[in-house]
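One structure below.
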Amino acid sequence: MSVEVVNETEFDIDVSEFRDIAEYVMTQMHVSTGSELSIIFIDPEPMEELHIKWLDLEGPTDVMSFPIDELRPGTADKITGAGMLGDIVICPQVARQQSINAGHSSVEEMLLLTVHGILHLLGFDHAEPEDEKVMFGLQRRLLLTFLATRGTEPVDG
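Residue 74 in numbering that gives the first Met the number 0 sits at position 75 of the sequence shown, with consecutive numbering throughout.
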């Protein structure tokens with residue numbers, strides 16, 4: 000798997016931690032090891048520009064996903080074909096505010112947003128209550144099992 004992590008902010012980002020969680024999630028979702036993903040951290044102003052351009056919504060948002068090859072999850076018996084999964088764009092400043100409201104660290108929030116973004120790239124959505132239940136349950140399980148396999152708490156940036 001090729002996971003590129005780019006930090007265009009002054010926020011302290013542990014690139015390896017985000018690469019690790021992306022690889023973990025892609026492995027758990029049975030995505031080919033020949034697949035590629037980009038995670039980009041940007042400031043609120045460019046995030047707002049993306050939010051307006053693509054969703055016609057004002058203000059910066061926490062995460063946006065841009066699928067490329069529209070890959071879907073595989074199974075233990077059939078790994079999905081290789082391709083460009085897409086791009087995830089995260090705004091650390093918005094994530095920090097959300098983490099305060101949620102009562103956990105901003106790093107945990109951004110790890111959650113990374114999982115959330117990957118699931119969107121794999122075709123999951125949360126527009127309908129049943130879809131939300133499935134996606135958020137999977138998102139929670141993936142994040143918690145990743146953190147458990149690490150055996151450490153993320154360091155807040």
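Note that beta-carbon positions come from the ideal geometry of N, C-alpha and C, so glycine has one too.
Closest residue to residue i among the options (Cα-Cα distance)
i: residue 90; options: 16, 118, 69 and 63; result: 63
i: residue 108; options: 18, 138 and 98; result: 98
i: residue 5; options: 75, 144 and 86; result: 86
i: residue 26; options: 78, 147 and 55; result: 78
i: residue 29; options: 80, 125, 106 and 148; result: 80
In DSSP terms, what residue i is bridged to
i: residue 3; result: 37
i: residue 85; result: 36 and 66
i: residue 79; result: 30
Neighbourhood of residue i by C-beta distance below 8 Å, restricted to the same chain and skipping five residues each side
i: residue 35; result: 0, 1, 2, 3, 82, 83 and 84
i: residue 44; result: 59
i: residue 92; result: 8, 10, 42, 43 and 59
i: residue 14; result: 4 and 6
i: residue 137; result: 118 and 123
Beta-carbon contacts of residue i that lie in its chain and below 7 Å, excluding the five residues immediately before and after
i: residue 47; result: 58 and 59
i: residue 101; result: 108
i: residue 94; result: 61, 105, 108, 109 and 112
Cβ shell of residue i (< 6 Å), same chain only, five flanking positions each side left out
i: residue 131; result: 125
i: residue 114; result: 24, 138, 141 and 142
Give a yes or no on contact between the segment 66-76 and the segment 114-125, applying the rule of three or more CB pairs nearer than 8 Å.
yes
Quick check on the DSSP output: what are the complete alpha helix (DSSP H) runs of length 4 or more inside the segment 21-68, in order along the chain?
43-54
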